[in-house]
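Visitor: What the sequence shown shows, in mature numbering (1 follows the signal peptide of the UniProt record, and there is no 0), is residues -26 to -1, 1 to 151, in sequence order.
Note that CB positions come from ideal geometry on N, CA and C, so glycine has one too.
Source: prediction; values computed, not measured.
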Amino acid sequence: MASTSSFCLLVAFLLHLAVNLHTCRADIEFLMSTCDQTRNPSYCLSTMQTDNRSVAAKSTAELLAIAVDIAYGRMDQEELYLSSLARKHAGTPIGRALGTCVVAYRDSRDKLREALGYIASGNFISAYDDIKASGDAPGRCDEALGWFKFQPAAETNSSARDLLGMVLDIAELMNGP
C-alpha cells in the first residue's frame, strides 16, 4: 500500500514540476523575444532579470513598467551618488558641475515616476514622452562637466545612457514605429 501511495505522490510531483518548468520556459521566452527587439538584447535580458517580476510578465506593458521601475531605482541611486560627489567637491567648479548633474538625475527620476503613472493608466504615448525626456540626464551631466575629465561621473552617465536607452526601446514597442 505504501508503495502505491509513494508512486502516486511521485507522479503528482513530476507532473507539477513539468507544468512549472514549461511555464517558466514560456515566460523567459517572452522576455527574450521582447529583449531581442531592443538595440542591445543581452544588456536588456541581463538588466531585466535583476527583477524577478520580469520573468513572470505576460505583456510588453508589464515589462515596460518593470523596466521603468528598474530605471527609477537606478536614477535615484545615481542622484545620491552624484550628490555625495558634489558635496565632496563643494565650492569648486567640478562641485558646481556635479550639482547640475544631481538636478538632471533628479529630473530624470521624476519623469520616470510620471511614466509609471501613465503606464498604469494605459497612456503609453505620454509614458513614452516622459521616458524619452528622462534620457536627457546623461547628456545634461556631460554638458555640465564640459572639459572636466571626471571618471566617476562619466561612468555614471554611460551606465544611465545604456539603461534609459533600453527602457526607451521597450517603450517604442508599445507605440509602434
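Please classify R48: does DSSP put it in a helix, a strand, or coil?
Guide: Helix.
Visitor: Taking the beta carbon of M22 as the centre, do at least 16 other beta carbons fall within 10 Å, making it buried, or is it exposed?
Guide: M22 comes out buried.
Visitor: Using the rule of at least 16 other Cβ atoms within 10 Å of the residue's Cβ for burial, across every protein chain shown, is E3 buried or exposed?
Guide: Label assigned to E3: exposed.
Visitor: Does DSSP classify N14 as helix, strand or coil?
Guide: Three-state result, N14: coil.
Visitor: Answer with buried or exposed for L86, where buried requires no fewer than 16 other C-beta atoms within 10 angstroms of its C-beta.
Guide: Buried is the call here.
Visitor: Please report how far the alpha carbon of S82 lies from the alpha carbon of F124, in whole angstroms.
Guide: S82 and F124: Cα-Cα distance of roughly 21 Å.
Visitor: Closest to R27 by CA distance: which of A41, Y17, C18, P15 is it?
Guide: For the residues A41, Y17, C18, P15, the minimum Cα distance to R27 belongs to A41.
Visitor: How would you call E117, buried or exposed, if buried means at least 16 neighbouring beta carbons within 10 angstroms?
Guide: Classification for E117: exposed.
Visitor: I need the DSSP call for G96, collapsed to helix, strand or coil.
Guide: Residue state, collapsed to three classes: coil.
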